[in-house]
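A.B. asks:
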Amino acid sequence: MAVGQIFKIHSDFYYVDSSEGVFECKIREVLKKQKQKIFVGDYVEFAGGAIEKILPRRNFITRPTVANIDRVIVISAVKEPELSFSQLNRYLAFAKYHNLETVLCFNKNDLSSDDKIIDKVFSIYEPLGYDILFTSALEGDGIEDFKELLRGKTSVLCGASGVGKSSLINAIIPELNLKTKKISEKTLRGTHTTRHCEIIPIGEDSRIVDTPGFSNLKFDFLMPNEVDLLFEEIGRYKSGCKYPNCLHLSETGCAVKENLDKIDETRYLSYVEFTKEALEYKERVKFQGLKTEALHKHHNDKTAVKISSRKRERARNTLKQNIYKDIENERID
Ligand SMILES: Nc1nc2c(ncn2[C@@H]2O[C@H](COP(=O)(O)OP(=O)(O)OP(=O)(O)O)[C@@H](O)[C@H]2O)c(=O)[nH]1
Ligand SMILES: [Mg+2]
Ligand SMILES: [Zn+2]
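Residue numbering for the sequence shown follows the working numbering, starting at 2 and increasing by one per position.
1. Note down, in chain order, each residue of its chain lying with its Cβ closer than 7 angstroms to the Cβ of F95, except the 5 sequence neighbours on either side.
2. Return yes when the Cβ of I70 is within less than 9 angstroms of the Cβ of D1, no when it is not.
3. Pairs of beta-carbons, one from the stretch 134 to 151 and one from the stretch 172 to 180, closer than 8 angstroms: are there three or more?
4. Consult DSSP for L296 and reduce its assignment to one of helix, strand or coil.
5. Where does I200 sit, in a helix, a strand or coil, going by DSSP?
6. Use the C-beta contact count for V306: other C-beta atoms within 10 angstroms, 16 or more gives buried, fewer gives exposed.
7. Taking 8 angstroms as the cut-off, is the CB of Y238 close to at least one heavy atom of ligand 3?
8. Is DSSP giving I264 helix, strand or coil here?
9. Can you give me the start and stop residues for the alpha helix (DSSP H) that A96 sits inside?
10. Within the present structure, is the beta-carbon of V164 separated from the nearest heavy atom of ligand 1 by less than 8 angstroms?
11. By alpha-carbon positions, which one of E186, G204, S156 ends up nearest to L177?
12. If you draw a straight line from the C-alpha of K182 to the C-alpha of E83, how long is it?
13. So, using beta-carbon positions, are C198 and I52 closer together than 9 angstroms?
14. Which stretch, first to last residue, makes up the beta strand (DSSP E) that contains K9?
15. When the distance is taken between beta carbons, is T188 closer than 9 angstroms to P213?
16. Just to check, is the beta-carbon of P213 closer than 8 angstroms to a non-hydrogen atom of ligand 2?
17. What would DSSP say about A51, mapped onto helix, strand or coil?
18. Considering only heavy atoms of ligand 3 and the C-beta of each residue, which residues fall inside 5 angstroms, strictly closer?
19. Name the DSSP beta bridge partners of T63, please?
20. Flag this pair as yes or no: are the beta carbons of A78 and G163 separated by less than 9 angstroms?
21. Is R152 buried or exposed, if buried means 16 or more other CB atoms sit within 10 Å of its CB?
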């Protein structure tokens, strides 16, 4: 069985890169039945144009869906679309949730001569330990540094549509000529030009993953008391809070609130925003928990699971088949 890595997925076709070359594969029915999802970046076993097995992932992210990566580069535009710190904090918290090294890249630097943005970016994110890069894919500023950053690693570009992810890759490898598109004049947003994730090799030892832009990421998958783990500068005060389950919103004796002068305001506002999303998620989980309970009907003090009439019909048929089998067996015997 050959082993290779998925570098692109288009509808039902999986493109595998292996020492034997590049193959277009389909996925074995059994994997589909097991509802196993294959990500770009997955190592797989394959034979005769069919993927048989997904090998264990070193890591992965789900927005965009990519596995086995070394780092995330969050791309923002300083203008067009307008820089949103709230959105940026979302990407950063998400990468931290997946425990991935992250670098910040601010593109379209040619469109702004406003040093205030640069100062603000450095004052917030440098103390948090992030590497920061300003680039212009159009004029070439910072492109050498960007290329240097990629050396020896597999880096995933992550950011809203229209910030210039594909343009940055084109700036490094012009022959690639990846599709790029002007952001809409009406909405000043991107138009989802890149449709699929794809691993692109750069030289001998570096790889970059171009991805479709997205901006509707929500923290509706974790518990509210986990959100402060995604904000290092907030989590560090947690142990001083009066209540161990403090969410640092409006509780008394909250050490985070007492130290707000040391935390950037946009960062704290993002923390509150994500915690509220997590609180909504918690409520929903609780509600769904109750709904599952309601499916259990009480019969003579015993809890019986209520099943739909179709399932009941199927159960009866199975019973019938078993009876026929027994009859047949008797005849053979
Ligand atoms: N002025 C300026 N324009 C840029 C720069 N980088 C990209 N653009 C323009 O921004 C628009 C969007 O760029 P894309 O590279 O398609 O953006 P993307 O992030 O790949 O977008 P999606 O594929 O939709 O996620 C294009 O018109 C680019 O020419 C830059 O550094 N400066
Ligand atoms: Mg693109
Ligand atoms: Zn607190």
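Idealized CB from N, CA, C, for every residue including glycine.
On a predicted model such as this, the values are computed, not experimentally measured, just so you know.
C.D. replies: Taking the definition as stated:
1. Along the sequence shown, read from residue 1 onward, the residue named residue 95 stands at position 94. Within the same chain, F95 has close Cβ partners R64, L218.
2. Residue 1 falls outside the range modelled here, since the chain spans only 2 to 334, and no answer is possible.
3. yes
4. Here the question's residue 296 lines up with position 295 in the sequence shown. In this predicted model, L296 has a pLDDT of only 45, less than 50, meaning its place in the structure is not dependable enough to derive any value.
5. For the purposes of this step, residue 200 is taken as the residue at position 199 of the sequence shown. Looking at I200 - three-state DSSP - the assignment turns out to be strand.
6. Walking along the sequence shown from the start, residue 306 turns up at place 305. Only weak support is given to the placement of V306: the predicted model assigns it a pLDDT of 45, under 50, and the value that follows is read from those uncertain coordinates. Exposed, since its Cβ has fewer than 16 Cβ neighbours within 10 Å.
7. Residue mapping note: residue 238 aligns to position 237 of the sequence shown, counting from 1. Checking the Cβ of Y238 against ligand 3 gives yes.
8. Sequence index remark: in the sequence shown, residue 264 carries index 263 (1-based). In the structure shown, I264 sits in coil (DSSP, three-state: anything other than H, G, I, E or B).
9. Residue 96 sits at position 95 when you count from the first residue of the sequence shown. Taken as a continuous stretch (DSSP letters only), the alpha helix (DSSP H) holding A96 covers 86 to 98.
10. The residue labelled residue 164 in the question sits at position 163 within the sequence shown. Checking every heavy atom of ligand 1 against the Cβ of V164, one is found closer than 8 angstroms.
11. What you label residue 177 is simply residue 176 of the sequence shown in a count that begins at 1. Nearest of E186, G204, S156 to L177, Cα basis: G204.
12. The residue labelled residue 182 in the question sits at position 181 within the sequence shown. The residue labelled residue 83 in the question sits at position 82 within the sequence shown. Whole-angstrom Cα-Cα distance: 17 angstroms.
13. In the sequence shown, residue 198 corresponds to position 197, counting from 1. In the sequence shown, residue 52 corresponds to position 51, counting from 1. Cβ distance not < 9 angstroms, so C198 and I52 don't count as in contact.
14. The residue labelled residue 9 in the question sits at position 8 within the sequence shown. Note, K9: beta strand (DSSP E), 3 to 11.
15. Along the sequence shown, read from residue 1 onward, the residue named residue 213 stands at position 212. Along the sequence shown, read from residue 1 onward, the residue named residue 188 stands at position 187. Not a contact, by the Cβ cut-off of 9 angstroms.
16. Start at 1 with the first residue of the sequence shown, and residue 213 comes out as number 212. The answer is yes for P213.
17. Here residue 51 refers to the residue found at position 50 when the sequence shown is read from its first residue. Reduced to three states, the DSSP call for A51 is strand.
18. C242, C247, H249, C255, V257
19. One-based indexing of the sequence shown puts residue 63 at position 62. In the DSSP output, where bridge partners are listed per residue, T63 has T66.
20. Taking the first residue of the sequence shown as 1, we reach residue 78 at position 77. Taking the first residue of the sequence shown as 1, we reach residue 163 at position 162. Contact flag set, yes.
21. Position 151 of the sequence shown, counting from 1, holds the residue named residue 152. Exposed, by the Cβ-count rule.
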